[in-house]
Amino acid sequence: MSATLDQLTDWVRRFAAEVHEHRDELTRLDAAIGDADHGSNLDRGMTAVVAALDAEPQPSAAALFKKVGMTLVSTVGGASGPLYGTLFLRVATSAGEVTELDGPAFAKALRAGLEGVVARGKAEAGDKTMYDALSPAVDALDAALADGDPLAEALRAAAAAAAAGRDATIPLVARKGRASYLGERSAGHQDPGATSVTMLVAAAADALA
Amino acid sequence: MSATLDQLTDWVRRFAAEVHEHRDELTRLDAAIGDADHGSNLDRGMTAVVAALDAEPQPSAAALFKKVGMTLVSTVGGASGPLYGTLFLRVATSAGEVTELDGPAFAKALRAGLEGVVARGKAEAGDKTMYDALSPAVDALDAALADGDPLAEALRAAAAAAAAGRDATIPLVARKGRASYLGERSAGHQDPGATSVTMLVAAAADALA
Amino acid sequence: MKKLINDPADVVAEALRGMDAAHPELRVDHANRIVYRADAPVQGKVGLISGGGSGHEPMHGGFVGPGMLDAACAGEVFTSPVPDQMVEATKNVDGGAGVLHIVKNYTGDVMNFEMAAELAAAETGVDVLSVVTDDDVAVQDSLYTAGRRGVGVTVLLEKIVGAAADEGRDLAAVAAVARKVNGQGRSMGMALTSCTVPAAGQPTFDLPDDQMEIGIGIHGEPGRRRVPVAPAREIAAMLVEPVLADLDFTGPDGVICFVNGMGGTPLLELYLMYNEVAALLDKAGVRIARSLVGPYITSLEMAGCSVTLLRCDDELIRLWDAPVRTPGLRWGA
Amino acid sequence: MKKLINDPADVVAEALRGMDAAHPELRVDHANRIVYRADAPVQGKVGLISGGGSGHEPMHGGFVGPGMLDAACAGEVFTSPVPDQMVEATKNVDGGAGVLHIVKNYTGDVMNFEMAAELAAAETGVDVLSVVTDDDVAVQDSLYTAGRRGVGVTVLLEKIVGAAADEGRDLAAVAAVARKVNGQGRSMGMALTSCTVPAAGQPTFDLPDDQMEIGIGIHGEPGRRRVPVAPAREIAAMLVEPVLADLDFTGPDGVICFVNGMGGTPLLELYLMYNEVAALLDKAGVRIARSLVGPYITSLEMAGCSVTLLRCDDELIRLWDAPVRTPGLRWGA
Ligand SMILES: Nc1ncnc2c1ncn2[C@@H]1O[C@H](COP(=O)(O)OP(=O)(O)O)[C@@H](O)[C@H]1O
Ligand SMILES: Nc1ncnc2c1ncn2[C@@H]1O[C@H](COP(=O)(O)OP(=O)(O)O)[C@@H](O)[C@H]1O
Ligand SMILES: [Mg+2]
Ligand SMILES: [Mg+2]
Ligand SMILES: [Mg+2]
Ligand SMILES: [Mg+2]
Numbered sequence: 001m002s003a004t005l006d007q008l009t010d011w012v013r014r015f016a017a018e019v020h021e022h023r024d025e026l027t028r029l030d031a032a033i034g035d036a037d038h039g040s041n042l043d044r045g046m047t048a049v050v051a052a053l054d055a056e057p058q059p060s061a062a063a064l065f066k067k068v069g070m071t072l073v074s075t076v077g078g079a080s081g082p083l084y085g086t087l088f089l090r091v092a093t094s095a096g097e098v099t100e101l102d103g104p105a106f107a108k109a110l111r112a113g114l115e116g117v118v119a120r121g122k123a124e125a126g127d128k129t130m131y132d133a134l135s136p137a138v139d140a141l142d143a144a145l146a147d148g149d150p151l152a153e154a155l156r157a158a159a160a161a162a163a164a165g166r167d168a169t170i171p172l173v174a175r176k177g178r179a180s181y182l183g184e185r186s187a188g189h190q191d192p193g194a195t196s197v198t199m200l201v202a203a204a205a206d207a208l209a
Numbered sequence: 001m002s003a004t005l006d007q008l009t010d011w012v013r014r015f016a017a018e019v020h021e022h023r024d025e026l027t028r029l030d031a032a033i034g035d036a037d038h039g040s041n042l043d044r045g046m047t048a049v050v051a052a053l054d055a056e057p058q059p060s061a062a063a064l065f066k067k068v069g070m071t072l073v074s075t076v077g078g079a080s081g082p083l084y085g086t087l088f089l090r091v092a093t094s095a096g097e098v099t100e101l102d103g104p105a106f107a108k109a110l111r112a113g114l115e116g117v118v119a120r121g122k123a124e125a126g127d128k129t130m131y132d133a134l135s136p137a138v139d140a141l142d143a144a145l146a147d148g149d150p151l152a153e154a155l156r157a158a159a160a161a162a163a164a165g166r167d168a169t170i171p172l173v174a175r176k177g178r179a180s181y182l183g184e185r186s187a188g189h190q191d192p193g194a195t196s197v198t199m200l201v202a203a204a205a206d207a208l209a
Numbered sequence: 001m002k003k004l005i006n007d008p009a010d011v012v013a014e015a016l017r018g019m020d021a022a023h024p025e026l027r028v029d030h031a032n033r034i035v036y037r038a039d040a041p042v043q044g045k046v047g048l049i050s051g052g053g054s055g056h057e058p059m060h061g062g063f064v065g066p067g068m069l070d071a072a073c074a075g076e077v078f079t080s081p082v083p084d085q086m087v088e089a090t091k092n093v094d095g096g097a098g099v100l101h102i103v104k105n106y107t108g109d110v111m112n113f114e115m116a117a118e119l120a121a122a123e124t125g126v127d128v129l130s131v132v133t134d135d136d137v138a139v140q141d142s143l144y145t146a147g148r149r150g151v152g153v154t155v156l157l158e159k160i161v162g163a164a165a166d167e168g169r170d171l172a173a174v175a176a177v178a179r180k181v182n183g184q185g186r187s188m189g190m191a192l193t194s195c196t197v198p199a200a201g202q203p204t205f206d207l208p209d210d211q212m213e214i215g216i217g218i219h220g221e222p223g224r225r226r227v228p229v230a231p232a233r234e235i236a237a238m239l240v241e242p243v244l245a246d247l248d249f250t251g252p253d254g255v256i257c258f259v260n261g262m263g264g265t266p267l268l269e270l271y272l273m274y275n276e277v278a279a280l281l282d283k284a285g286v287r288i289a290r291s292l293v294g295p296y297i298t299s300l301e302m303a304g305c306s307v308t309l310l311r312c313d314d315e316l317i318r319l320w321d322a323p324v325r326t327p328g329l330r331w332g333a
Numbered sequence: 001m002k003k004l005i006n007d008p009a010d011v012v013a014e015a016l017r018g019m020d021a022a023h024p025e026l027r028v029d030h031a032n033r034i035v036y037r038a039d040a041p042v043q044g045k046v047g048l049i050s051g052g053g054s055g056h057e058p059m060h061g062g063f064v065g066p067g068m069l070d071a072a073c074a075g076e077v078f079t080s081p082v083p084d085q086m087v088e089a090t091k092n093v094d095g096g097a098g099v100l101h102i103v104k105n106y107t108g109d110v111m112n113f114e115m116a117a118e119l120a121a122a123e124t125g126v127d128v129l130s131v132v133t134d135d136d137v138a139v140q141d142s143l144y145t146a147g148r149r150g151v152g153v154t155v156l157l158e159k160i161v162g163a164a165a166d167e168g169r170d171l172a173a174v175a176a177v178a179r180k181v182n183g184q185g186r187s188m189g190m191a192l193t194s195c196t197v198p199a200a201g202q203p204t205f206d207l208p209d210d211q212m213e214i215g216i217g218i219h220g221e222p223g224r225r226r227v228p229v230a231p232a233r234e235i236a237a238m239l240v241e242p243v244l245a246d247l248d249f250t251g252p253d254g255v256i257c258f259v260n261g262m263g264g265t266p267l268l269e270l271y272l273m274y275n276e277v278a279a280l281l282d283k284a285g286v287r288i289a290r291s292l293v294g295p296y297i298t299s300l301e302m303a304g305c306s307v308t309l310l311r312c313d314d315e316l317i318r319l320w321d322a323p324v325r326t327p328g329l330r331w332g333a
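Dropping the structure here:
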């Protein structure tokens, strides 16, 4: 089973809808250990993305994700703008000028996105960032596909891994991003970026089902 | 019966003690229709007065009240500094270089004080100021003495008249002082200056009893 | 009460010590609580003094310096200073040309400055004139009341009159400029929150989260009326309309438009308010010749703003543009 | 939420319109949210740009003008601007001598400016160097974390580096001055209250009436620790001690001592704090060469303050004293 361009577009739109719906929750999480803007940042960006896709449907996976990445870079700002922007730009490059992605190609693209996040933000495991949800998700996706699971099922496993990674950020003491300024006081709070990136993976599982 | 210099000094000290005890109440009244400083203003001034009298007992009624008036003018500021200051300075002039004041002399001095307040502040009856408590008190004092009441009893009548005048400020719409800025909203609140001047008359009734 | 203070009784004295330490170009008489420009008196120049309760900073101490005031007398928070301070300052800023007292119209300020002028006349040979500012249109002007409050115009007046004194005009002429500025300026203010007088220890008034006060002064007092909070656009109209209704500002030389912060309002919001005010003036045919945006005449940490318009002519614009060098206002020097 | 705003989404755009209208000496590109000095680019001079989230006014837009920045990019409230803005500003302030990016050390700001520098290199021929400020001693400096925040030193740096660029130094030399200033400056801040991001609609954190936050940044975030409210004297010690512990400030040329208000603290309290800070420095043998007191790098309406010390030498003092003409800082011009 492959993901069609429509499904990939649907992934982006579902993520936008999730972010919009949980905008205040994301901001509240960011208020606790950051500066109370993660929800409005990402919602502003994904609203712009949806508007761009409405205005001009994209002809290929590369074009689609490049548009998403560029729009996020140009409209979000803060830490999540360059991080989510780079993620999608790397996904675009990895996906290429195709209109379908099979499981391995999708997984490769998502890993490229993860590597983009690391290249940009230098986060490591346990730093209490979006990395801590995205990285286990990409690993779970690879593992499930290697086990021969179809993409849809593999993405469900990835989404579960992301959620587990997200929850595991709660006890962590942040070492990257704004939460790091809080030192020990950052422990006991769920990372907002890990929360939004879990929505991203869950949206993929829904859209590519 | 005459008021001795000791009794007159005691009047001033009792007034200081009353103001100090009711400092927060006076400030609260001023917060409602003014700027929340009448209690601290008058307490600062009367504390300085007591310190001055402690340092140097005064040889005559004129010296005593002049010291009180000058100290108030120099330490209080705001509206109540010049008003109470002028009141005591006029009392001093009227009282003269004596060490005792009989009833008529005391009443004359207090009326001179009232006239000083009017000369300085131009308040009229019903403007919702200290005038509205002090003026009926002075009238009551004159009337009681004219009836042949002894000074102590006449001062009790004056204190009662002051209290009645103070209470009668509650429904008034202010036309002088800060409360006038509130217009109709000043109605329903007791005037702070009328409240403190009622303490002044009551202290006289107690000291000269 | 949350404040960066020690004992509430020491707030004014300690803040003056900080001002003294931070500004070598000023000289502070701590016993009398007077801020002087370091080179006072300036020979041959009319001396300008003002003063008032503390809690309105930078006014007035922050407006002492070349091109503005020669001295400022600081009272307790929201309490007029006392005559002794004003007499002392009058003596020390007289450079032979007399001294102008700039007084905001509050019963306390007016009476204390009046007593000071009487004492100065009796004790010193210094010529003294006084001007009273009363620009607040929130308060109805009437012979039978304390009249209008002196608010935002005081800032513009101290700057402009400072420049007039610098030009070497005599006392009567400087006083005439002052009266002209007061006559051509109007203000209106509003508050989103109350403020807390340190000695009182709690907010002067309670204001629910969905209410604001329109027609406030600068002493943390409640305003003329309480209304539901509204967008900046509507608030701007509530301030600008009564100002425009009170005086014609459509002259060819335009106005100085001053959007003032009450102390607790961020500059971001003041610029946003300025945008709304400018749009309303444009619609009313009022030209903005000069602008001032910021917290210049404040009420401690009160959130809110006021709008002041001053009708200009060539002379006032020239005096406004002249160099000024004070902690609170500075240009050209 | 009580603010002088219309729609929370429009706050930054509308405030920039007000800034534009109030300051004819600035030019604002509203589409890109860039504040330029009206005469940019200045031929032959190194161009200086900075930028960051809004809500810190007057920083950075209020520091645009002769002697300081050539342009400032405004992000959403507390959100770094985007690379497109920085690239556009870089192009428009280059007078042939290259452009310096002044970046506060926050993950978002650093990444966005990094992308901008990459794009500028690819799309334009402009030489770009970047300096990052990271002066906040509340945060432990470490290779394994995001490092220290850039706070108060940024203000002093923009002034001093502006003067260095005005002297005609080349890009490398200007960047070297910037790095020197950052290396010699340290800051520490505290909050009495939280602040409310307009889009969030409620205070970022709850702080009981008897508690304060020590070691805050400038984004309304909670600090390093929460302690009972204390007198100004003790608060000053909590801020000054870690600053002095981090760097030796006892040089013969003294320091610039900067007591900054977070936006909702009255000037009266800032001067009082300055008095306490000056006393502590005196005891520690630190000489104050220059002072700055006021709200210059703020967190919306947060009540609180920060203390910044910058170790000086003749060069830095000369550059500090040089003329500057911006809405937020102005002297000698
Ligand atoms: N260096 C980093 N690497 C990966 N993710 C990061 C890094 N720094 C921050 N993040 C993520 O960004 C999120 C915050 O995003 P956001 O609030 O939009 O930006 P800002 O911190 O600039 O306000 C954090 O919750 C964290 O997951
Ligand atoms: N013109 C006046 N004549 C008489 N009393 C006045 C006048 N103006 C104000 N007062 C009195 O002064 C009181 C307020 O004093 P205070 O709060 O100490 O001064 P301020 O109004 O300057 O803060 C009022 O309650 C009123 O009784
Ligand atoms: Mg954030
Ligand atoms: Mg009062
Ligand atoms: Mg008062
Ligand atoms: Mg942010």
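Which chain is which? The protein sequence lines are B, W, X and G, in order. Each residue of the first sequence is one higher than the one before, counting from 1 in the UniProt record's numbering. Each residue of the second sequence is one higher than the one before, counting from 1 in the UniProt record's numbering. Each residue of the third sequence is one higher than the one before, counting from 1 in the UniProt record's numbering. Each residue of the fourth sequence is one higher than the one before, counting from 1 in the UniProt record's numbering. The C-beta atom is built at its ideal place from N, Cα and C for all residues, glycine as well. Because the structure is a prediction, the values reported are computed rather than measured.
Distance cut-off 8 angstroms: residue i Cβ against heavy atoms of ligand 1
i                 : result
Phe249 of chain G : no
Tyr106 of chain G : yes
Met130 of chain B : yes
Beta-ladder partner(s) of residue i, from DSSP
i                 : result
Gly52 of chain X  : X:Ala74
Lys91 of chain X  : None, per the DSSP bridge assignment.
Ser2 of chain W   : W:Asp102
Cys195 of chain X : Its beta-bridge partners do not exist; DSSP assigns none.
Ser291 of chain G : G:Cys257
Proximity of residue i and residue j at Cβ, strictly below 9 angstroms
i                 : j                 : result
Lys159 of chain X : Val324 of chain X : yes
Asn112 of chain X : Pro82 of chain W  : yes
Gly220 of chain G : Val139 of chain G : no
Residue burial classification, residue i (beta-carbon count within 10 angstroms, cutoff 16)
i                 : result
Glu123 of chain G : exposed
Glu269 of chain X : buried
Asp206 of chain G : exposed
Gly189 of chain X : buried
Residue i: CB within 8 angstroms of a non-hydrogen atom of ligand 8
i                 : result
Asp136 of chain X : In the structure shown, ligand 8 is absent; the only ligands present are ligand 1, ligand 2, ligand 3, ligand 4, ligand 5 and ligand 6.
Distance cut-off 8 angstroms: residue i Cβ against heavy atoms of ligand 4
i                 : result
Phe205 of chain X : no
Closer than 8 angstroms: residue i CB and nearest ligand 2 heavy atom
i                : result
Phe78 of chain X : yes
Heavy atom of ligand 3 within 8 angstroms of residue i beta-carbon
i                 : result
Arg178 of chain B : yes
Residue i Cβ short of 8 angstroms to ligand 5 heavy atom set
i                : result
Gly78 of chain W : yes
Quick one, which residues of the region 222-254 of chain X are near chain G if we go by CB-CB under 7 angstroms, in chain order? Val229, Pro231, Ala232, Arg233, Ile235
Which of the residues in the region 11-38 of chain X, read from start to end, lie with their CB under 7 angstroms from any CB of chain G? Val11, Glu14, Ala15, Arg17, Gly18, Met19, Ala21, Ala22
Quick one: which residues of the region 138-149 of chain G get their C-beta closer than 7 angstroms to a C-beta of chain B? List them in chain order. Val139, Tyr144, Thr145, Ala146, Arg149
Mind listing which residues of the region 269-293 of chain X have their C-beta closer than 7 angstroms to chain G's C-betas, in chain order? Glu269, Tyr271, Leu272, Met273, Tyr274, Asn275, Ala278, Ser291, Val293
Listed in chain order, which residues of the region 165-196 of chain B have Cβ atoms closer than 7 angstroms to some Cβ of chain G? Arg175, Lys176, Gly177, Arg178, Ser180, Tyr181, Leu182, Gly183, Arg185
Taking Cβ-Cβ distances below 7 angstroms as the criterion, which residues of the region 103-124 of chain W are in contact with chain X? Arg120, Gly121
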